[in-house]
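Working notes, structure below.
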Amino acid sequence: IKAQHSNAPQIKAKCNTLDSSWKELRGLMERRKKLVDLSVKEQQYLSDAAEVESWMNEKRPTVESEDYGVDEGAAQKLLAKHKALQNDMVTYKQWIHQLAEQCNQLATFPGHQPQRFVTKQKELEAEFARLNKIAEDRRLALEDSVCLFEYMRESADLEQWINEQLQTAMSEEYGDDYEHLKELKSR
Numbered sequence: 001i002k003a004q005h006s007n008a009p010q011i012k013a014k015c016n017t018l019d020s021s022w023k024e025l026r027g028l029m030e031r032r033k034k035l036v037d038l039s040v041k042e043q044q045y046l047s048d049a050a051e052v053e054s055w056m057n058e059k060r061p062t063v064e065s066e067d068y069g070v071d072e073g074a075a076q077k078l079l080a081k082h083k084a085l086q087n088d089m090v091t092y093k094q095w096i097h098q099l100a101e102q103c104n105q106l107a108t109f110p111g112h113q114p115q116r117f118v119t120k121q122k123e124l125e126a127e128f129a130r131l132n133k134i135a136e137d138r139r140l141a142l143e144d145s146v147c148l149f150e151y152m153r154e155s156a157d158l159e160q161w162i163n164e165q166l167q168t169a170m171s172e173e174y175g176d177d178y179e180h181l182k183e184l185k186s187r
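Just so you know, we're using our numbering here: the sequence shown kicks off at 1 and counts up by one.
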């Protein structure tokens with residue numbers, strides 16, 4: 001074009017067309033990249049939500065169990081496992097909070113059915129709240145069970161001690177000598 005070629009106007013027109021097409025392509029690619037990034041975020045949210053939902057479904061039978069132990073040791077083991085589960089629930093609660101933040105971001109993008117994410121998030125939060133309530137009730141019941149077994153053990157020990165003392169008090173043995181009397185007195 002600078003050399004004043006005979007086809008310079010056609011070359012300039014072709015360059016302008018190519019430049020315009022290039023700008024249009026870059027704009028479309030930028031738009032496409034944003035859509036793909038948004039789709040990745042949507043799929044990541046749905047995947048994470050499904051994992052949380054699966055975990056809750058897996059833990060529900062444990063939390064709803066009516067096994068409170070058949071003795072003190074079993075009740076203590078169940079309580080320890082339950083407390084570990086409640087610690088896991090704290091982690092999952094944080095994860096649900098992060099999902100809520102992602103959901104809020106996804107809901108701001110029009111045209112991508114943001115309501116399905118909002119609905120999914122509400123379902124997750126409601127299900128977690130139910131699970132948390134059941135878990136708290138179970139923890140209290142397990143603590144009551146442990147206390148009951150402790151009481152039963154301690155009361156059996158006390159009853160045994162009282163019976164031993166009654167036997168000693170009702171004994172008609174008065175001792176044969178001084179050493180035997182000291183032994184009887186120590187009982």
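The C-beta atom is built at its ideal place from N, Cα and C for all residues, glycine as well.
Cβ-Cβ separation between residue 148 and residue 53: approximately 35 Å, too far for a contact (criterion under 8 Å). Apart from the 5 residues on each side of it in sequence, residue 131 sits with its Cβ closer than 8 Å to the Cβ of 56, 59, 60, 63 and 89 in its chain, given in chain order. Counting of Cβ neighbours within 10 angstroms places residue 31 among the exposed residues, the total staying below 16.
The three-state reading of DSSP puts residue 118 in helix, counting H, G and I together.
One alpha carbon belongs to residue 105, the other to residue 91, and they sit about 22 Å apart.
Every candidate beta strand (DSSP E) stretch fails here, since none sits fully inside the segment 32-118 while reaching 3 residues.
Here residue 5 carries a coil assignment [DSSP, helix/strand/coil].
Under the three-pair Cβ rule at 8 Å, the segment 76-88 does not count as touching the segment 19-31.
The segment 149-161 makes contact with the segment 62-81, as at least three CB pairs between them are under 8 Å. Each residue's CA atom was taken as its position, placing residue 34 and residue 108 some 14 Å apart. Spatial neighbours of residue 121 in its own chain (CB-CB distance under 7 Å, excluding positions within 5 residues in sequence) are listed in chain order as 99, 100 and 103.
Within the same chain, Cβ atoms closer than 7 Å to the Cβ of residue 117 are found at 45, 103, 106 and 107, the five residues on either side in sequence being excluded.
Counting of Cβ neighbours within 10 angstroms places residue 135 among the buried residues, the total reaching 16 or more. Across the structure, residue 37 and residue 93 are spaced so that their CA atoms are roughly 26 Å apart. Taken in chain order, the complete beta strand (DSSP E) segments of 3 or more residues contained in the segment 123-168 number zero; there are none.
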